[in-house]
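Student:
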Amino acid sequence: MSRTETEDGGRLAGVSPEVRPPGGPAGARNVPFIVGGNLRRLRKAHGLSLERLAELSGVSRAMLGQIETAKSVPTVSLLWRVADALGVPVATLVASESEPLAVVLSRSGASLLVGSEGRYASRSLLPHGRAASTGFFELHIAGSHREACPAAPIGTRHSLVVAHGSLTVSIGDETPIALAEGDAVAFEGGTPYAIENPAGSEAIAYLVVVSPTP
Numbered sequence: 059m060s061r062t063e064t065e066d067g068g069r070l071a072g073v074s075p076e077v078r079p080p081g082g083p084a085g086a087r088n089v090p091f092i093v094g095g096n097l098r099r100l101r102k103a104h105g106l107s108l109e110r111l112a113e114l115s116g117v118s119r120a121m122l123g124q125i126e127t128a129k130s131v132p133t134v135s136l137l138w139r140v141a142d143a144l145g146v147p148v149a150t151l152v153a154s155e156s157e158p159l160a161v162v163l164s165r166s167g168a169s170l171l172v173g174s175e176g177r178y179a180s181r182s183l184l185p186h187g188r189a190a191s192t193g194f195f196e197l198h199i200a201g202s203h204r205e206a207c208p209a210a211p212i213g214t215r216h217s218l219v220v221a222h223g224s225l226t227v228s229i230g231d232e233t234p235i236a237l238a239e240g241d242a243v244a245f246e247g248g249t250p251y252a253i254e255n256p257a258g259s260e261a262i263a264y265l266v267v268v269s270p271t272p
């Protein structure tokens with residue numbers, strides 16, 4: 059996910075992406091408090107000061123403090139950076155409550171990470187707070203859109219499969235990889251990559267991200 063650096067931790071494709079929680083406008087009003095509470099809890103559980111988390115994530119101490127006190131709604135790229143620093147999936151930061159043993163992840167109740175003016179959307183397919191080293195996401199990429207993504211920490215592993223349409227995946231300076239429907243690619247973190255939909259209609263893919271274990 060490309061970004062132009064700003065104090066708030068970055069913007070996707072020149073715009074501020076959204077975190078869309080379930081529950082419509084009421085849910086949106088709760089986002090700062092949910093994210094802020096989760097960030098404070100996770101930071102303290104890791105024994106990190108705001109200064110140390112700022113060093114690890116590259117997000118300023120002032121911005122982290124504003125998020126924890128619900129004075130700022132973070133962008134998607136900022137959430138990724140903070141989640142990487144804490145070693146948790148992004149979904150853990152937007153989780154509103156603990157989950158029971160069996161969880162139905164309904165589409166209507168999903169929290170979407172939306173960027174690039176709605177041309178790229180990601181939905182977590184794992185219950186919030188579980189499998190902290192693994193992320194599983196449903197991606198929707200609009201036709202003729204290219205989404206640039208920052209390098210994940212070295213040791214991170216990605217597996218992406220195209221469920222509908224076709225995609226081209228570019229990893230660093232390597233030759234772009236064309237994927238037809240049903241094709242998959244696995245690649246390591248540490249290098250920026252991009253996902254492009256060369257067709258005119260929306261493509262859907264599923265991405266598994268496995269973070270390095272401490």
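With the sequence shown counted from 1, adding 58 to any position gets you our numbering. We treat Cβ as the ideally placed atom computed from N, Cα and C, and that holds for glycine.
1) Taking 8 Å as the limit between beta carbons, can you name the residues of its chain near Gly127, skipping five residues before and five after?
2) Run through the DSSP bridge pairs and tell me what Val268 is partnered with.
3) Compare the C-alpha of Ser259 against each of Lys102, Glu196, His222 and name the closest.
4) Identify, in the order they occur along the chain, each residue of the same chain with its Cβ nearer than 6 Å to the Cβ of Val73, setting aside the five sequence neighbours on each side.
5) CB Ser191 to CB Val266, shorter than 8 Å?
6) Taking only three categories from DSSP, how would you classify Ser259?
7) Go ahead and label Glu205 buried or exposed: buried means 16 or more other beta carbons lie within 10 angstroms of its beta carbon, across all protein chains shown.
8) Once DSSP output is grouped into helix, strand and coil, what is the label at Val243?
9) Whose C-alpha, out of Ile235, Leu163, Asn96, Leu106, is nearest the C-alpha of Leu137?
10) Of the residues Arg215, Leu111, Gly240, Ile199, which one's Cα is nearest the Cα of Pro256?
11) Using a 10 Å radius around the Cβ and a threshold of 16 neighbouring Cβ atoms, would you call Arg165 buried or exposed?
12) Leaving aside the five residues before and after Leu245 along the sequence, list all residues of the same chain whose C-beta is less than 6 Å from its C-beta, in chain order.
13) On the criterion of 16 or more Cβ atoms from any shown chain inside 10 Å, does Pro270 qualify as buried, or is it exposed?
14) Could you tell me the boundaries of the alpha helix (DSSP H) in which Ala149 lies?
15) Run the CB neighbour count on Glu133, radius 10 Å, all protein chains shown included, and call it buried at 16 or more, exposed below.
Tutor: Based on what the coordinates show:
1) For clarity, residue 127 is Thr in the given sequence; the question names Gly instead. The residues are Gly94.
2) Thr192, Arg215
3) His222
4) Because Val73 carries a pLDDT of 32, less than 50, the predicted location of this residue cannot be relied on, and the following value inherits that uncertainty. So the qualifying residues of the chain are Glu175.
5) no
6) coil
7) buried
8) strand
9) Asn96
10) Ile199
11) exposed
12) Position check: residue 245 holds Phe in this sequence, whereas Leu was assumed. Cβ neighbours of Phe245 beyond the five flanking positions: His216, Ile229.
13) exposed
14) 148-152
15) It is worth fixing the name first, because residue 133 is Thr in this sequence and not Glu. Buried, since its Cβ has 16 or more Cβ neighbours within 10 Å.
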